[in-house]
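Going down the list, the protein sequences come from chains F and A. So the number in our numbering is just where the residue sits in the first sequence, counting from 1, plus 277. So the number in our numbering is just where the residue sits in the second sequence, counting from 1, plus 439. To start, the structure under review is shown below, and the notes come after it.
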Amino acid sequence: MAWGQAGAWRQRPLKAVRPRGAIPRRKPPEASLPGTVLGPPRLLKSAGFRFAALFAAMFAIAAIALVAVLWWATAGALDRQTDATVRADAIALTERWRDAGATGLAEAIEERLAVDVENELIYLLMDIEGQRRLAGNLDRWPAGLPADAAWIRTRVLHDGLATEARLHRVELPGLRLLVGRDETERSQLRRLLTEGVVWASGAVAVFALAGAWLIRHALQTWMGPAFVTTAAIAGGDLSSRVALSGRGDEFDRLAQTLNTMLDRIGTLMEGVRGVSDAIAHDLRTPIARARAKLEDALATSPDEEALRAAVEQGIADLDGISRIFQALLRIAEAEAGARRAAFAPFDLAPVLADAAEIYDAMAEARGQRLRTALPATLEVIGDRDLLLQAVANLLDNAIKFTPPDGSVELTARQAGAAIEVAVADDGPGISPEDRNHVGERFFRADKARATPGSGLGLSLVRAVAHLHAGEVRLEDAVAGRDPPGLRFVLRLPAP
Amino acid sequence: MRILLVEDDAEVARFVKKGLQEAGHTVEHAPNGRDGLFLAASEQFDMLVLDRMLPGGVDGVRLVETLRSQGNRTPVLFLSALSAVDERVKGLKAGGDDYLTKPFAFAELLARVEALARRPSVDAPATRLRVADLELDLLSRNVSRAGKRIDVQPREFRLLEHLMRHAGQVVTRTMLLEKVWDYHFDPQTNVIDVHVSRLRQKLDKGFDKPLIHTVRNAGYMIRAEP
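Below, the structure written as structure tokens:
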């Protein structure tokens with residue numbers, strides 16, 4: 278059986294699903310638009326370059342931080358240690374001077390120098406005029422010492438050798454004291470460290486650049502397939518799909534999403550093509566019929582009465598055509614998902630009750646019974662008018678195909694996470710091989726050719742179900758009975 | 440009634456204007472939105488019939504929004520080739536009172552224009568509607584004819600109420616579907632006719648004067664005279 282309109286509709290050959298590659302390729306336009314030029318992007322605009330630069334910068338900052346910490350912990354610690362011992366020494370000597378005066382201080386210095394086996398202590402005690410050396414191992418006051426600085430690092434002549442020294446100047450009444458340490462070994466260590474850091478920096482720079490280049494290269498490799506595909510699609514080849522690397526990473530997921538999107542676009546394009554085919558094939562027939570009738574009436578009507586009747590018939594035909602058109606548009610809207618704007622939570626139960634009430638009168642007029650089994654409430658999120666239209670189409674269909682004295686049943690229930698609305702009839706049922714075609718536009722099973730209808734009603738039901746993320750199912754109303762009847766189940770996800 | 444028709448298609452405009460004039464109305468026609476807005480704002484009209492898409496930079500929705508923002512409450516009927524429900528909602532939200540999709544039957548347009556012009560006033564809500572010997576009590580929800588009580592179902596009551604509120608006017612099938620059932624859908628078959636004829640049977644049974652009349656190619660009308 279089937280759904281559809283009076284006998285003049287011929288059955289269209291069922292269209293096989295078009296394989297991906299079969300979508301006709303259009304030649305890309307010769308002159309591409311600005312912005313679609315596909316050459317390599319300029320260096321600064323390239324995201325790959327920016328990522329690479331960012332990577333190099335981060336790498337360098339990390340390396341600099343590491344070196345700074347190392348330096349502070351080694352060379353810096355040695356310096357701080359030297360300063361601390363010098364300061365302690367200076368304080369001890371100052372104490373000694375307080376206790377024993379300049380002579381005691383000079384003795385203390387000589388004592389210290391006498392036990393200094395490593396030869397790293399530096400002392401110089403002079404009178405305030407700087408003329409006379411009282412004690413110490415420097416021959417004279419180092420030249421060019423800043424007058425006011427307490428801590429100095431300078432080169433001094435120590436044991437006949439010019440060495441690096443850290444000096445602390447202590448002013449005592451009538452005396453000038455320098456306490457210091459020979460830093461030759463420490464500065465050697467510092468030099469070694471510096472050398473190490475310089476080499477390491479070179480290595481850091483090399484690694485940063487190599488890493489940056491790798492990142493840029495990898496980005497280009499990963500993005501490449503998507504880029505090539507989108508470029509091909511922009512060029513008009515809709516069959517192109519992004520190749521997956523098989524790693525299942527973010528880029529694969531992006532590619533999959535892109536491919537899903539492209540499939541969806543392909544389906545929509547098919548839909549548009551389907552609608553235009555339908556319009557071309559199936560809307561032209563009634564238009565041609567109406568036109569022929571009007572032309573015939575114009576040429577052959579014997580009197581005004583006949584002409585008037587023909588015009589009225591013509592208007593009725595046009596109304597029928599515009600209803601088919603309206604149904605096609607609604608299906609297209611629902612299929613495109615454009616109607617989600619009207620989605621709102623509402624109670625489906627009273628809507629179903631209304632639908633039953635509207636069609637009950639019609640069933641009664643045909644001597645049929647319309648039975649309902651509905652729950653008290655049935656919360657859904659969706660488009661109230663579209664769902665009513667879908668149920669109305671099902672009821673209309675069921676009533677049409679049920680013989681007088683038969684019964685139609687509208688039931689609804691919450692089945693776990695789904696809501697099932699079912700319409701069952703006593704009609705002839707539908708053969709399993711025809712079931713797959715129900716919902717294709719203008720499909721009408723052979724037995725239904727004589728029943729009025731456009732063949733669009735169940736297309737709309739299916740489109741509405743898909744719009745609500747649901748599905749439709751057809752089954753025998755009573756399996757094994759002859760005729761089995763048809764049970765049409767609309768399954769929607771519960772909110 | 441003085442009606443302003445704003446419609447850019449000359450043929451449709453001519454057809455609508457002629458029809459409305461034959462129904463006894465005065466019609467001014469503006470071919471674009473700007474002229475329409477100017478006329479609507481500067482002169483007094485009882486009703487505006489607006490195309491939704493208009494040339495001249497001011498479309499139907501903008502026109503109504505502008506008028507409403509100036510406090511102009513003239514009833515507005517949209518005529519539109521945009522049939523999507525969203526479009527309809529947009530038109531009504533902007534301040535339109537009714538929405539009719541092209542192509543339309545003139546009878547439908549006329550019925551809607553007259554229904555809009557004589558909308559029941561909100562100030563004095565009637566509690567009792569009467570047509571000839573038929574009485575409908577809105578408080579007790581009783582229907583009686585010549586004093587004899589008639590049992591009607593709740594939906595039949597609303598159907599009758601709507602017909603009686605528009606007594607003497609044509610009410611089309613789509614108007615009944617929208618106003619009595621509050622759905623916008625295509626019932627595919629003559630379900631409304633079935634409901635009306637069931638109601639008619641209840642009302643006219645045992646009386647020789649029918650009250651609900653079928654208006655050919657248009658809809659239904661309840662009136663006392665045959």
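We put the CB at the ideal spot given by N, CA and C, even for glycine.
Check	Outcome
Secondary structure of residue 622 of chain A, DSSP reduced to three states	coil
Neighbourhood of residue 578 of chain A by C-beta distance below 7 Å, restricted to the same chain and skipping five residues each side	566
Local conformation of residue 441 of chain F per DSSP, three classes	strand
Residue 463 of chain F - DSSP class collapsed to helix/strand/coil	helix
Chain-ordered chain A contacts of residue 599 of chain F [CB-CB under 8 Å]	542
Cβ-Cβ distance between residue 453 of chain F and residue 443 of chain F below 8 Å	no
Of the listed residues A/455, A/648, A/447, A/653, nearest to residue 571 of chain A (C-alpha basis)	A/648
Any beta strand (DSSP E) of 3 or more consecutive residues that is wholly inside the stretch 362-413 of chain F	398-404, 410-413
Validate contact between the stretch 691-711 of chain F and the stretch 746-766 of chain F using beta carbons, cut 8 Å, 3 pairs	yes
Range covered by the beta strand (DSSP E) that runs through residue 658 of chain F	656-659
Contacting positions in the stretch 615-643 of chain A - beta carbon closer than 7 Å to chain C	Given the protein chain composition of this structure (F and A), no chain C is represented.
9 Å Cβ cut-off: residues of chain F touching residue 594 of chain A	631, 634, 635
Neighbourhood of residue 328 of chain F by C-beta, 7 Å cutoff - its chain only, sequence neighbours within 5 removed	492, 493, 496
Option nearest residue 421 of chain F by Cα separation, candidates F/411, F/410, F/433, F/415	F/433
Other residues of its chain near residue 625 of chain F: CB distance less than 6 Å, five sequence neighbours each side excluded	655, 657
Buried/exposed call for residue 666 of chain F, threshold 16 Cβ in 10 Å	buried
Cβ neighbour criterion (16 or more within 10 Å) applied to residue 583 of chain A	exposed
Euclidean distance between Cα positions of residue 596 of chain A and residue 551 of chain A	21 Å
Per-residue DSSP class, three states only, for residue 517 of chain F	coil
Where residue 655 of chain A falls: helix, strand or coil (DSSP)	coil
Neighbourhood of residue 570 of chain F by C-beta, 8 Å cutoff - its chain only, sequence neighbours within 5 removed	587, 590, 591, 594
In DSSP terms, what residue 583 of chain A is bridged to	A/574, A/588
Residue 603 of chain F at chain A interface by Cβ criterion, 8 Å	yes
Chain A contact for residue 767 of chain F (CB, 8 Å cutoff)	no
C-alpha distance - residue 759 of chain F paired with residue 705 of chain F, whole-angstrom precision	8 Å
Listed by chain order, chain F residues near residue 522 of chain A by CB distance under 7 Å	603, 606
In DSSP terms, what residue 487 of chain A is bridged to	A/443, A/515
Contact the stretch 500-515 of chain A vs the stretch 483-490 of chain A: 3+ CB pairs below 8 Å	yes
CB contact check: residue 538 of chain F to chain A, cutoff 8 Å	no
Residues that residue 456 of chain F bridges to, as DSSP identifies them	F/400, F/445
9 Å Cβ cut-off: residues of chain A touching residue 645 of chain F	Residues of chain A passing the Cβ test: none, with the nearest at roughly 12 Å.
Cβ contact (3+ pairs, closer than 8 Å) linking the stretch 465-485 of chain F and the stretch 415-431 of chain F	no
Chain A contact residues for residue 340 of chain F, given Cβ-Cβ distances below 7 Å	Those do not exist, as residue 340 of chain F stays about 59 Å from chain A at its closest Cβ, beyond 7 Å.
Under 7 Å from the C-beta of residue 665 of chain F: neighbouring residues of chain A	622, 624
Three-pair Cβ contact test at 8 Å for the stretch 516-532 of chain F versus the stretch 497-508 of chain F	yes
Spatial distance of residue 538 of chain F from residue 491 of chain A (CA atoms)	34 Å
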